[in-house]
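Scroll down for the structure; my scribbles are underneath it.
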Amino acid sequence: TVRNVLESSPPQPGAQVDVMGNLKGDLNTVKDTFALATVPREAYGLSLANTLPYLATSLSTVFPSWNLNTEWPSQSAFLNTILLNPESTTHWLHFLKPIQVGWGAVIISFLGAIHWGLEFAEKQASHDRTRLRYAVGVLAPAVSWPTIFLPVEWALTTQFAAFCTLYYADSRASAKGWAPPWYGTYRFVLTAVVSVALLISLVGRAKVDEGHTRLTKADLKERLHKRPDDAKEFHDWAKEEQAEKERMRQEKKREEQKRKEAEKKAKEGRGEENSGEGEVGC
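Numbering-wise (my numbering), the sequence shown opens with residue 72 and increments by one.
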């Protein structure tokens, strides 16, 4: 009979479950997963190196997002030395966007191309395997490259979904024997790193959109031209210039009027002299 093999025997009354042993076993499993002992060192090292630009661009969005949500200029002299003006910070965020999205498109396309390489190396044909590999190889760049034309939030969200979908396809391929046994574990770690980087970028850019202390150009101009004795007013140089021009025009008008009056009096004086000489001659 095979009953004793197919059916588990009931636990003995005096037997104790080794909880700590099971816990240690689970911890060792997690440790082995992230250690990637079975993964070739070359593939592991190069793949981690490829994630560095993604991590760098993601972490680089943290400071600009904090900068744009911090009042500038601030009351702290130290913050004023490290903070950038809003225009420079916005330019920096726009500069990072094509680098991060473009690099993500390259990585996704490369992950799809791996399936084509594995299929080309096969000696025996398999319809299901070939269909999956070619589909992944075609869909990966078809989904990733159009994201460079999307707004950055939509682009990063789409790439996040693409990375997760590719991980599912890779883990299934590894489970079916269509990829090396270590490939599923290897892809899990890399997908986790990239996903964390994407979440950092999305949260940082969301904080930029929620900022309420960012200054517009008009606000910045008003802050820079505030009077020390009255924070609600700023010196209006254009108005002062118009007042000065009006004062000079009025002064010139008064001088012209005085000159005309002087000429009029001079003419009247000469007329009286001429009339006096005529009377004497008679």
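Built from N, CA and C at the ideal position, the CB exists for glycine as well. It should be emphasised that the depicted structure is a prediction, and the values quoted were computed from it without experimental measurement.
Item, Value
"Whole-number beta carbon distance between Ser266 and Phe231, since they are thought to touch under 8 Å", "6 Å"
"Exposed unless 16 or more other CB atoms sit within 10 angstroms - verdict on Pro222", "exposed"
"Unbroken alpha helix (DSSP H) run spanning Gln230, endpoints", "223–246"
"Euclidean distance between Cα positions of Leu270 and Leu126", "11 Å"
"The ligand FMN heavy atom lying under 7 Å from the CB of Trp225", "You won't find the ligand FMN in this model; it holds no ligand whatsoever."
"CB contact flag (Pro135, Leu164, <8 Å)", "yes"
"Helix, strand or coil at Leu155 according to DSSP, with G and I counted as helix", "coil"
"Limits of the alpha helix (DSSP H) - the one that Glu113 falls within", "112–131"
"For Thr236 and Leu139, the rounded distance between their alpha carbons", "34 Å"
"Sequence-distant residues of its chain with Cβ nearer than 6 Å to Lys168 (five each side left out)", "Val223"
"Cβ shell of Val209 (< 8 Å), same chain only, five flanking positions each side left out", "Gly183"
"Three-state secondary structure assigned by DSSP to His283", "Residue placement at His283 is flagged as unreliable, the pLDDT there being 45, under the threshold of 50; the coordinate-derived value follows with that caveat. Reduced to three states, the DSSP call for His283 is coil."
"Residue range of the alpha helix (DSSP H) that includes Ser215", "198–215"
"Simplified DSSP assignment, three categories, for Gln195", "coil"
"Best match in Ser242, Arg276, Lys247, Trp249 for proximity to Leu261 [C-alpha to C-alpha]", "Ser242"
"Distance CB(Ala268)-CB(Ile219) smaller than 8 Å", "no"
"Within 8 Å, strictly: CB atoms of Val110 and Trp253", "yes"
"Contiguous alpha helix (DSSP H) assignments of at least 4 residues, all confined to the region 159–190", "none"
"Buried versus exposed call for Ser197 [16 or more other C-beta atoms within 10 Å across all chains shown]", "exposed"
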